[in-house]
Amino acid sequence: MIDTLLNHKSIRKYTAQRIDKELLNQILEAGTRASTTGNMQVYSIVVSQDEKMKEKLAPCHFNQPMIRQAPVVLTFCADYNRFNKWCELNDANPGYDNFLSFMTGAIDALLVAQNVCVAAESKGLGICYLGTVIYTADKIIDVLKLPKGVVPVATVTLGYPDECPEKVDRLPLRGVVHHEEYGDYSDEMIKNIYREKDNLEASRKFVEENDKKSLAQVFTDIRYKKEDNVSFSKVLLEVLKNQGFMNQ
Numbered sequence: 099m100i101d102t103l104l105n106h107k108s109i110r111k112y113t114a115q116r117i118d119k120e121l122l123n124q125i126l127e128a129g130t131r132a133s134t135t136g137n138m139q140v141y142s143i144v145v146s147q148d149e150k151m152k153e154k155l156a157p158c159h160f161n162q163p164m165i166r167q168a169p170v171v172l173t174f175c176a177d178y179n180r181f182n183k184w185c186e187l188n189d190a191n192p193g194y195d196n197f198l199s200f201m202t203g204a205i206d207a208l209l210v211a212q213n214v215c216v217a218a219e220s221k222g223l224g225i226c227y228l229g230t231v232i233y234t235a236d237k238i239i240d241v242l243k244l245p246k247g248v249v250p251v252a253t254v255t256l257g258y259p260d261e262c263p264e265k266v267d268r269l270p271l272r273g274v275v276h277h278e279e280y281g282d283y284s285d286e287m288i289k290n291i292y293r294e295k296d297n298l299e300a301s302r303k304f305v306e307e308n309d310k311k312s313l314a315q316v317f318t319d320i321r322y323k324k325e326d327n328v329s330f331s332k333v334l335l336e337v338l339k340n341q342g343f344m345n346q
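Residue numbers (the working numbering): 99 to 346.
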């Protein structure tokens, strides 16, 4: 299992081979064994395999080709709809119409998603995590007909790999692990931690192609710029309000 984790690669190209129903269910079952808050399991997984449905989902993910190509697309959702109904049927008054509850559901869903990804890779399948969900949650809600109390938080494409990309870089352990308490970074430590990433050939090419001075500028000015973050934040906050997670 550790080898599976250490050799993770995001797969964006898939063969046409379908995933056996029994194998898919086994992977999803492994997902549901993830830890959850109070064992409430306030999450749901929407499995999309129909070509027409994947076609509807594609624009929600900026038309990244793997949405249409992968045999299975999984949308992981924070879900209090089911739990609230169970409470009400048993004369219990649910108080989960708040931001804390959304965070609880989102964490549960993401833990399940990671279990699913590891289980899939251990069976020779490839996965790709798409963070575009939180940018277009409002559109995904419409496509998947998600009721109040349900918010999508992650999407994973799943299938047999049709590529073997190189493993992407990761920061060294000393850059992300703190012992006993958080030790803040000096300028020299930051330079040291990011030195390998900054000096990669791919990083240098990225900087040149975008006509920037540094890889950091590519992130702040091109890939994840403030105006986009603010705009998508407004959409997500409106989604949380409409789905019943922003009541006082």
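Backbone N, C-alpha and C define an ideal beta-carbon position, used for all residues, glycine too. Bear in mind the structure is a predicted one, so any value in this text is a computation, not a measurement.
Top-ranked residue by Cα proximity to GLU149, from THR135, THR202, VAL171: The shortest C-alpha separation from GLU149 is found at VAL171.
In DSSP terms, what GLY224 is bridged to: Within the DSSP secondary-structure output, GLY224 pairs in a beta bridge with GLY257.
Rounded Cβ spacing between GLY257 and ALA168 (contact assumed at less than 8 Å): Contact annotation, GLY257 with ALA168: C-beta distance approximately 4 Å; criterion of less than 8 Å satisfied.
Nearest-angstrom Cα separation, counted from LEU269 out to TYR292: Approximately 7 Å between the Cα atoms of the pair.
Inter-residue CB distance, ASP177 and TYR141 (contact presumed, cutoff 8 Å): About 5 Å separates the two Cβ atoms, so the contact holds.
Nearest-angstrom Cβ-Cβ length linking VAL241 and CYS158, presumed shorter than 8 Å: Going by Cβ atoms, the distance from VAL241 to CYS158 rounds to 6 Å, so yes, they are a contact pair.
First and last residue of the uninterrupted alpha helix (DSSP H) at THR173: That residue, THR173, is in no alpha helix (DSSP H); its beta strand (DSSP E) goes 170-177.
First and last residue of the uninterrupted alpha helix (DSSP H) at ILE291: Counting along the chain, the alpha helix (DSSP H) containing ILE291 begins and ends at 285-297.
Beta carbon of VAL251 nearer than 8 Å to that of ALA204: Against a cut-off of 8 Å, the Cβ pair of ALA204 and VAL251 comes out as a contact.
N- and C-terminal bounds of the beta strand (DSSP E) containing SER58: Here the chain has residues from 99 to 346 only, and residue 58 is not among them.
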